[in-house]
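Trainee: Just dropping this structure here.
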Amino acid sequence: MDLLERFAAGDLDAFEEVFRKHQKDVYAWTVRIVRDPAIAEDLTVETFWRIYRSRTTFRAGGNFCAWARRIATNAALDHLRASKRRIEVELSDDLAGPAHVDPAVRRETRDRIKKAFDELPAKYRLVATLALVEEEPYETIAEATGISAGLVKMRVFRAVRILRKKLNSLVIQPGAER
Amino acid sequence: MNEENEKPLRQLIQQGIAPMKDTELQRDLWPQMLKRLQHEQQHEPVRVPWFDWVLAAISGLILVLFPSVIPALLYHL
Numbered sequence: 004m005d006l007l008e009r010f011a012a013g014d015l016d017a018f019e020e021v022f023r024k025h026q027k028d029v030y031a032w033t034v035r036i037v038r039d040p041a042i043a044e045d046l047t048v049e050t051f052w053r054i055y056r057s058r059t060t061f062r063a064g065g066n067f068c069a070w071a072r073r074i075a076t077n078a079a080l081d082h083l084r085a086s087k088r089r090i091e092v093e094l095s096d097d098l099a100g101p102a103h104v105d106p107a108v109r110r111e112t113r114d115r116i117k118k119a120f121d122e123l124p125a126k127y128r129l130v131a132t133l134a135l136v137e138e139e140p141y142e143t144i145a146e147a148t149g150i151s152a153g154l155v156k157m158r159v160f161r162a163v164r165i166l167r168k169k170l171n172s173l174v175i176q177p178g179a180e181r
Numbered sequence: 014m015n016e017e018n019e020k021p022l023r024q025l026i027q028q029g030i031a032p033m034k035d036t037e038l039q040r041d042l043w044p045q046m047l048k049r050l051q052h053e054q055q056h057e058p059v060r061v062p063w064f065d066w067v068l069a070a071i072s073g074l075i076l077v078l079f080p081s082v083i084p085a086l087l088y089h090l
């Protein structure tokens, strides 16, 4: 009986082994979505709790990493939906722009980008974060979210459209583009 | 969908919001996981199998339809 079979059968030692083997991957994926290490740790535990609960549905010989990533994405999405607190996006210190631009203006620009991003609906924020900020391929996002690559592309497009409306004045400023 | 038109906005977002640099897990989360498992097991509601409910319902029905069996049942208990 291999490790995943023992895990699916409810063996706690096997679950511990699976947990230790995959916790880093699940955390790394989750923290890129929620962008907060403490929340990502909690969500990693939540993800493995969901994995443990639904262990009997895992097909022997299936791709555990892909299955775990999908569950992690759903847990992160639930968090984004439920959380009243806005996610803290890590803002780049070197927001490109002409050197002569006032730092206060740059700060304001970053704040506007952050605010616009935070105001996106959760399902758009999820794909937009992964596609636009983390530059994950659409196929990877599709696999993790359980939707088609076409739908991911559509959601990114809609997110971009919403952001465009909110950030229109920034986009048309030649200085802000570079 | 014209991706070329969206390029300036994409660039602006990428310049304004940095990708996560540190995605390395700093500590082992197994102790936390173990606590969660113990907590969930302690607070797990008692689950009664469906056939137990069926058995209870049938017994109740018999007692309602044939109340005369109650003294016999009590005698045997």
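Here the protein sequences line up with chains C and W, keeping their order. Okay, so the first sequence: first residue is 4 according to our numbering, each after it adds one. Okay, so the second sequence: first residue is 14 according to our numbering, each after it adds one. C-beta: ideal position from N, C-alpha, C; glycine also.
Report yes or no: do the region 26-38 of chain C and the region 63-80 of chain C share at least 3 C-beta pairs separated by less than 8 angstroms?
Mentor: yes
Trainee: Run through DSSP, which three-state label would residue 150 of chain C get?
Mentor: coil
Trainee: Between which residues of its own chain and residue 19 of chain C is the CB-CB distance below 6 angstroms, once the five residues before and five after are set aside?
Mentor: Closer than 6 angstroms at the Cβ level, and outside the excluded window around residue 19 of chain C, lies no residue.
Trainee: Using a Cβ-Cβ cut-off of less than 9 angstroms, give me the residues of the region 50-67 of chain W that come near chain C, in sequence order.
Mentor: 50 and 53
Trainee: Report the neighbours of residue 83 of chain W on chain C: residues whose CB is nearer than 9 angstroms to its CB, in chain order.
Mentor: Residues of chain C passing the Cβ test: none, with the nearest at roughly 43 angstroms.
Trainee: Any beta-carbon of chain C closer than 7 angstroms to the one on residue 73 of chain W?
Mentor: no
Trainee: Counting beta carbon pairs with one atom in the region 23-42 of chain W and one in the region 12-27 of chain C, are three or more of them shorter than 8 angstroms?
Mentor: yes
Trainee: Can you find a C-beta in chain C that's less than 7 angstroms from the C-beta of residue 1 of chain W?
Mentor: The structure shown has nothing for residue 1 of chain W, since chain W only spans 14 to 90.
Trainee: Would you say residue 50 of chain C and residue 29 of chain C are within 7 angstroms of each other, going by their C-beta atoms?
Mentor: yes
Trainee: Suppose you measure from the CA of residue 119 of chain C to the CA of residue 30 of chain W; what does that come to, to the nearest Å?
Mentor: The alpha-carbon of residue 119 of chain C is positioned some 11 angstroms away from that of residue 30 of chain W.
Trainee: Go through its chain and collect everything with a Cβ distance to residue 9 of chain C's Cβ below 7 angstroms, but skip five positions before and after it.
Mentor: 17
Trainee: Please report whether the beta-carbon of residue 35 of chain C lies at a distance below 7 angstroms from any beta-carbon of chain W.
Mentor: For residue 35 of chain C, the answer is yes, since a Cβ of chain W falls inside 7 angstroms of its Cβ.
Trainee: Residue 32 of chain W CB to nearest chain C CB: under 7 angstroms?
Mentor: Interface flag for residue 32 of chain W against chain C is set, since a Cβ pair is found closer than 7 angstroms.
Trainee: Suppose the cutoff is 7 angstroms on Cβ atoms and the five residues either side in sequence are ignored; what does the same chain contact list for residue 74 of chain C look like?
Mentor: 50, 53 and 54
Trainee: Name the two residues that bound the continuous alpha helix (DSSP H) containing residue 53 of chain C.
Mentor: 40-56
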